[in-house]
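A.B. asks: Protein chains in written order, with numbering that gives the first Met the number 0: chain C, 0 to 321; chain X, 0 to 335.
For each residue, glycine too, the CB sits at the ideal point set by N, CA and C.
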Amino acid sequence: MTEYFEIKNLAVGFHTFEGVRDVLRIESLRIKRGETYGLVGESGAGKTVLALTILGLLPKPAAIVHSGEIWLDGQDLLKKTDRQMYTQYRGKRITMIFQDPMSTLNPVFTVGQQLARVIEAQQHLKGQANTQKALEMLEIVKLPDAGRMLEKYPHELSGGQRQRIIIAIALTCGAEFLIADEPTRNLDVTIQAGILKLMDELQQEFKMSMLFIANNVGLVNVVCKNAGILYRGKLVEDGPSEKVIRRARHPYTQTLISAIPRDKSEALKFANTVIKPDAEHGCPYYARCTLAEDACAASEPMLEAVDGAQKVACFVAARRQP
Amino acid sequence: MKKFILRRLLLGVIVMLGVAFITFFLTRVIPSDPAAKWVGPRATPEQIAKATIDLGLDQPLYVQFFKYMGDLLQGNLGASLRTRRPIMLELQENLPATIELVFISTIAAVFLGIPLGVISARRKDQWVDHLSRLFSVGVVSLPTFWVGLILQLLFFRTLHLFPMGGQLSTEIKLTMEIPKITGFLMFDSLVTGNFRIFTDALWHIVLPGITIGLYPVGLVARMTRSALLEILNEDYITAARSYGLSERIVLWSYALKNSIGSTSTVVALSIGYTLVNTFLTESIFSWPGIGSYIASAVIGLDYPAIMGVTIFSAFSYVILNLVADVIIAMDPRVRA
Ligand SMILES: Nc1ncnc2c1ncn2[C@@H]1O[C@H](COP(=O)(O)OP(=O)(O)O)[C@@H](O)[C@H]1O
Ligand SMILES: [Mg+2]
């Protein structure tokens with residue numbers, strides 16, 4: 000039996016001029032129905048690649064899925080043809096909020112036209128009913144003056160307004176599984192909080208399951224029940240978000256958490272981390288790890304349960320008891 | 000938007016003035032005696048002297064220039080040295096045949112070139128794309144006269160499928176009354192219900208139409224493809240797909256509308272190119288248009304006619320560019 004959403008041994012790479020470069024190796028990732036899972040990782044870790052893999056929208060022919068399974072409600076998405084993904088999944092059961100509100104909306108269509116297209120495709124509403132639905136969606140995402148908003152082009156809107164529109168479009172699909180790719184990353188801090196709150200409310204209201212991608216651990220604790228830490232394409236820690244954050248095991252997670260500086264000396268602490276050469280067959284974090292041993296360079300650690308639901312991919316951390 | 004168009008119009012006027020200026024002086028450098036042409040080969044020296052005064056050729060150059068510009072502003076391009084008829088009238092007679100050709104090639108550029116580019120971008124590096132690119136590069140690099148001659152050789156000489164040249168068969172020209180309403184043969188014959196003339200004209204336009212249309216189709220296909228390839232990598236395209244929008248909407252609406260700037264520019268450019276290209280094509284196919292007209296004007300050193308056609312071509316270019324600019328200006332991003 001697989002979980003409602005479950006990834007098994009996923010490996011994704013890209014063709015580059017220097018040959019194939021592997022960017023994603025996720026042994027296991029599970030999300031229960033109706034739950035929000037937070038995925039944290041620095042820029043370039045492979046978060047967006049994961050999102051696009053789930054939707055079957057990786058750039059072709061640059062990307063290759065080497066192996067793996069992505070289960071959603073008993074079906075392996077990686078076994079589906081592009082046609083099946085289009086007719087049964089994209090916009091129907093899975094939808095996504097993209098990371099950059101500046102580039103996600105089509106610049107030459109009005110907000111109303113873009114909403115209308117999706118409403119027509121997914122709700123099969125036309126004319127007056129379609130417009131009615133669009134207005135309703137804008138109210139749900141708490142955009143005032145919805146009537147005039149529909150007439151606007153993306154460049155006439157602020158970042159926060161755009162992100163609300165994007166959320167409205169994604170929700171319009173009525174999908175049960177939502178991927179939110181750093182939905183607040185490019186927004187001002189003051190606006191971030193509003194968007195986060197909105198997403199949390201909507202997730203409850205629409206009873207969606209959600210993969211919430213963030214580049215900031217702080218956000219995850221607020222919104223997610225479970226969380227995982229992605230480092231260079233590998234899930235290095237996974238478990239209830241409270242544990243992952245309060246009692247981080249993996250040295251990388253610990254670094255991430257203490258990277259939220261409380262004072263100056265702490266902020267500078269990691270500036271003098273010794274950088275070793277990469278270990279080709281070893282742990283991906285080896286080069287930056289302060290606890291690394293010889294074994295870490297020799298082979299790659301796998302996710303291992305350390306404390307009930309908490310799992311960590313680190314030889315050193317797995318040995319140590321908290 | 001208004002200001003933008005006004006600025007463009009002003010620029011167009013400046014270009015026109017420049018062209019008028021340059022053509023005027025260029026034609027004066029050509030070693031030929033217009034007055035002698037005007038009175039014909041058997042004229043006496045007295046007659047030539049009189050014609051020189053009549054034509055104002057004895058006046059200082061700047062006086063001639065201002066008189067010429069004054070006439071130009073009133074739409075008067077002067078009289079042909081060979082026929083003594085107003086150039087404007089002769090242009091009007093020759094223009095429809097050329098416009099028919101240009102129209103056909105533009106239709107082809109838009110309705111064949113753009114879809115070809117779109118499909119090519121969608122199927123990048125698949126065989127459709129390879130074929131379409133081969134076609135585009137091929138037709139853009141083949142010389143027009145060569146294409147014209149090969150088509151004549153193949154479809155007229157060998158296969159006897161299409162006529163070799165002209166706008167109508169001699170038989171039809173002699174036996175039937177050719178309707179003249181707008182001067183556009185195909186249009187006129189169609190609205191007057193002369194289907195025999197219409198089909199005959201259609202038959203005649205196929206080869207010159209292909210000859211002149213290949214280049215624009217190839218050029219537009221290539222530009223559309225490269226513009227679209229860039230656009231298809233944009234986030235809003237991936238996003239549109241993630242909302243489950245059909246590939247038809249994503250490609251033909253979401254992506255294509257974003258490429259309208261580059262596509263309309265290249266369509267306008269290729270119309271300009273087609274106008275120039277009529278020179279050769281019309282000569283090859285004895286097509287009674289502006290191209291044939293200027294060819295004989297050049298051979299006859301009929302400089303008012305040469306100037307007239309030049310001014311007219313420049314004018315079309317300016318208008319075409321203006322239209323392209325206006326289309327681009329309708330892009331909401333530019334409009335802001
Ligand atoms: N189209 C592509 N071609 C080659 N490499 C890519 C492509 N898209 C992403 N990558 C690589 O995959 C890795 C993960 O990228 P991404 O998923 O965008 O990171 P992030 O976690 O910031 O979302 C990066 O190292 C990036 O260079
Ligand atoms: Mg990303």
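Compute the minimum distance between the beta carbon of K46 of chain C and the heavy atoms of ligand 1, and state whether it is under 7 Å.
C.D. replies: If you number the first sequence from 1, residue 46 of chain C lands on position 47. Under cutoff, so the answer is yes.
A.B. asks: Mind checking which residues open and close the alpha helix (DSSP H) that includes V101 of chain X?
C.D. replies: Within the second sequence, residue 101 of chain X is the residue found at index 102, counting from 1. Note, V101 of chain X: alpha helix (DSSP H), 86-107.
A.B. asks: Using 8 Å as the threshold, is the C-beta distance between T223 of chain X and I113 of chain X below it?
C.D. replies: Position 224 of the second sequence, counted from the start, is the residue given in the question as residue 223 of chain X. Position 114 of the second sequence, counted from the start, is the residue given in the question as residue 113 of chain X. Going by C-beta atoms, T223 of chain X is nearer than 8 Å to I113 of chain X.
A.B. asks: Using a Cβ cut-off of 8 Å, which residues of the stretch 51-85 of chain C contact any Cβ in chain X, in chain order?
C.D. replies: Result list: L51, L54, L56, P58, P60, Y85.
A.B. asks: Are three or more beta carbon pairs between the stretch 106-116 of chain C and the stretch 78-97 of chain C nearer than 8 Å?
C.D. replies: Too few Cβ pairs lie closer than 8 Å, so no.
A.B. asks: Out of C:D75, C:I274, C:Y36, which one is the CA nearest neighbour of G55 of chain C?
C.D. replies: Taking the first sequence and counting its residues from 1, the one referred to as residue 55 of chain C is at position 56. For the residues C:D75, C:I274, C:Y36, the minimum Cα distance to G55 of chain C belongs to C:D75.
A.B. asks: What number of angstroms, rounded off, separates the C-alpha of M148 of chain C from the C-alpha of V188 of chain C?
C.D. replies: Working through the first sequence from its first residue, we reach residue 148 of chain C at position 149. Working through the first sequence from its first residue, we reach residue 188 of chain C at position 189. Roughly 23 Å between the two C-alpha positions.
A.B. asks: Starting from the beta carbon of L244 of chain X, find every residue of chain C whose beta carbon is closer than 8 Å, and list them in chain order.
C.D. replies: Here residue 244 of chain X is taken as the residue at index 245 of the second sequence, counted from 1. Result: G90, R116, V117, A120.
A.B. asks: Are the beta-carbon atoms belonging to T103 of chain C and I165 of chain C less than 8 Å from one another?
C.D. replies: Here the question's residue 103 of chain C lines up with position 104 in the first sequence. Here the question's residue 165 of chain C lines up with position 166 in the first sequence. Result yes, Cβ atoms of T103 of chain C and I165 of chain C sit closer than 8 Å.
A.B. asks: Is there contact between the stretch 297-310 of chain X and the stretch 161-170 of chain X, where contact requires at least three CB pairs shorter than 8 Å?
C.D. replies: Output reads no: the stretch 161-170 of chain X does not touch the stretch 297-310 of chain X.
A.B. asks: Going by beta-carbon coordinates alone, are T210 of chain X and L150 of chain X separated by less than 8 Å?
C.D. replies: Within the second sequence, residue 210 of chain X is the residue found at index 211, counting from 1. Within the second sequence, residue 150 of chain X is the residue found at index 151, counting from 1. Contact: yes.
A.B. asks: Consult DSSP for G111 of chain C and reduce its assignment to one of helix, strand or coil.
C.D. replies: Here residue 111 of chain C corresponds to residue number 112 of the first sequence, with the count starting at 1. The answer is helix: DSSP assigns G111 of chain C an H, G or I state.
A.B. asks: What residue range does the alpha helix (DSSP H) around E5 of chain C cover?
C.D. replies: For this step, residue 5 of chain C is matched to residue 6 along the first sequence. No alpha helix (DSSP H) contains E5 of chain C, which is instead part of the beta strand (DSSP E) from 4-15.
A.B. asks: So, for G260 of chain X: in the same chain, excluding its five sequence neighbours on each side, which residues have a beta-carbon less than 7 Å away from its beta-carbon?
C.D. replies: Stepping through the second sequence from its first residue, residue 260 of chain X is reached at position 261. I327, D330.
A.B. asks: Tell me the DSSP secondary structure of P162 of chain X in three-state form.
C.D. replies: Position 163 of the second sequence, counted from the start, is the residue given in the question as residue 162 of chain X. Three-state DSSP puts P162 of chain X in coil, outside helix and strand.
A.B. asks: From I47 of chain X to R81 of chain X, what does the alpha carbon distance come to, in whole angstroms?
C.D. replies: Against the second sequence, residue 47 of chain X aligns to sequence position 48. Against the second sequence, residue 81 of chain X aligns to sequence position 82. About 15 Å.
A.B. asks: Curious, which full-length beta strand (DSSP E) runs of at least 3 residues does the stretch 222-301 of chain C contain?
C.D. replies: Listed in chain order, they are 225-230, 233-239.
A.B. asks: Taking the alpha helix (DSSP H) that Y235 of chain X belongs to, which residues open and close that run?
C.D. replies: Translated into the one-based positions of the second sequence, residue 235 of chain X becomes position 236. 234-241 is the extent of the alpha helix (DSSP H) around Y235 of chain X.
A.B. asks: Mapping the DSSP letters down to three states, classify V22 of chain C as helix, strand or coil.
C.D. replies: Position 23 of the first sequence holds residue 22 of chain C. V22 of chain C falls in the strand class under three-state DSSP.
A.B. asks: Any Cβ of chain C within less than 8 Å of the Cβ of I21 of chain X?
C.D. replies: The residue labelled residue 21 of chain X in the question sits at position 22 within the second sequence. It does not; no Cβ of chain C falls within 8 Å.
A.B. asks: Is C288 of chain C closer than 8 Å to P250 of chain C when the C-beta atoms are compared?
C.D. replies: Here residue 250 of chain C refers to the residue found at position 251 when the first sequence is read from its first residue. Here residue 288 of chain C refers to the residue found at position 289 when the first sequence is read from its first residue. Contact flag set, yes.
A.B. asks: Is it a yes or a no for the stretch 9-23 of chain C touching the stretch 173-183 of chain C, going by three-plus beta-carbon pairs under 8 Å?
C.D. replies: They do not touch, by the three-pair rule.
A.B. asks: Below 8 Å CB to CB, which residues in the same chain sit around E92 of chain X once its five sequence neighbours on both sides are set aside?
C.D. replies: Working through the second sequence from its first residue, we reach residue 92 of chain X at position 93. So the list reads G182, once near-sequence residues are dropped.
A.B. asks: Could you compute how far the alpha carbon of Y253 of chain X sits from the alpha carbon of N220 of chain C?
C.D. replies: Your numbering for residue 253 of chain X matches position 254 in the second sequence. Your numbering for residue 220 of chain C matches position 221 in the first sequence. About 37 Å.
A.B. asks: At a cut-off of 7 Å, is E17 of chain C close to ligand 2 when judged by its beta-carbon and the heavy atoms of the ligand?
C.D. replies: Here residue 17 of chain C refers to the residue found at position 18 of the first sequence. Outside the cutoff, so no.
A.B. asks: Can you tell me whether E181 of chain C sits near ligand 3, meaning its C-beta is under 7 Å from at least one heavy atom of the ligand?
C.D. replies: In the structure on display, ligand 3 does not appear, and the ligands it does have are ligand 1 and ligand 2.
A.B. asks: Considering just the uninterrupted stretch of the beta strand (DSSP E) at D128 of chain X, what are its terminal residues?
C.D. replies: Here the question's residue 128 of chain X lines up with position 129 in the second sequence. Run containing D128 of chain X: none in the beta strand (DSSP E); it sits in the alpha helix (DSSP H), 126-140.
A.B. asks: Output yes if chain X places a C-beta closer than 8 Å to the C-beta of P182 of chain C; else output no.
C.D. replies: Your numbering for residue 182 of chain C matches position 183 in the first sequence. By this cut-off, P182 of chain C is not an interface position.
A.B. asks: Is F13 of chain C near ligand 1, with its Cβ less than 7 Å from a heavy atom?
C.D. replies: As a working mapping, residue 13 of chain C is identified with position 14 in the first sequence. Within the cutoff, so yes.
A.B. asks: So what does E303 of chain C bridge to, in DSSP terms?
C.D. replies: In the first sequence, counting from the first residue as 1, residue 303 of chain C sits at position 304. Per DSSP, C:V311.
A.B. asks: Taking 7 Å as the cut-off, is the CB of G43 of chain C close to at least one heavy atom of ligand 1?
C.D. replies: In the first sequence, counting from the first residue as 1, residue 43 of chain C sits at position 44. Checking the Cβ of G43 of chain C against ligand 1 gives yes.
A.B. asks: Can you find at least 3 beta carbon pairs, one from the stretch 275-292 of chain X and one from the stretch 229-242 of chain X, that sit closer than 8 Å?
C.D. replies: No contact exists between the stretch 275-292 of chain X and the stretch 229-242 of chain X.
A.B. asks: With hydrogens ignored, establish whether the beta-carbon of Q162 of chain C is closer than 7 Å to any heavy atom of ligand 2.
C.D. replies: For the purposes of this step, residue 162 of chain C is taken as residue 163 along the first sequence, with counting starting at 1. Result no, Cβ not under 7 Å from ligand 2.
A.B. asks: Closer than 7 Å to a non-hydrogen atom of ligand 2 - does that hold for the CB of Q191 of chain C?
C.D. replies: The count along the first sequence starts at 1 and reaches residue 191 of chain C at position 192. Answer for Q191 of chain C: no, Cβ out of range of ligand 2.
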